[in-house]
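J.: Can you read through this structure? Questions will come right after.
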Amino acid sequence: MAELRTLQSRIKTLNTRRVNILKGEQRRVSGSARVSLKRHIWL
């Protein structure tokens with residue numbers, strides 16, 4: 002039972018890390034898109 006609990010906690014941490022990475026990528030993409038849009042408007 003203890004092993005199962007540790008495995009579950011590990012999976013949870015991995016999932017949260019994955020979600021955070023995905024969110025960070027999305028933010029980066031949206032930020033770069035906004036910057037490119039601003040550049041186009043200014044040009």
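Numbering (my numbering) for the sequence shown: 2 to 44.
Even glycine gets a Cβ: it sits at the ideal position worked out from N, Cα and C.
Note that the coordinates shown come from a computational prediction; the quantities given were computed from them, not determined experimentally.
For serine 33 and threonine 14, I'd like the C-alpha separation in whole angstroms.
T.: 28 angstroms
J.: Can you give me the C-alpha to C-alpha distance between arginine 53 and glycine 25, rounded to a whole angstrom?
T.: For the chain, the structure presents residues 2 to 44; residue 53 sits outside this window and is missing.
J.: Using a Cβ-Cβ distance cut-off of 8 angstroms, determine whether glycine 32 contacts chain D.
T.: The question asks about chain D, but that chain is absent: this structure has only one protein chain.
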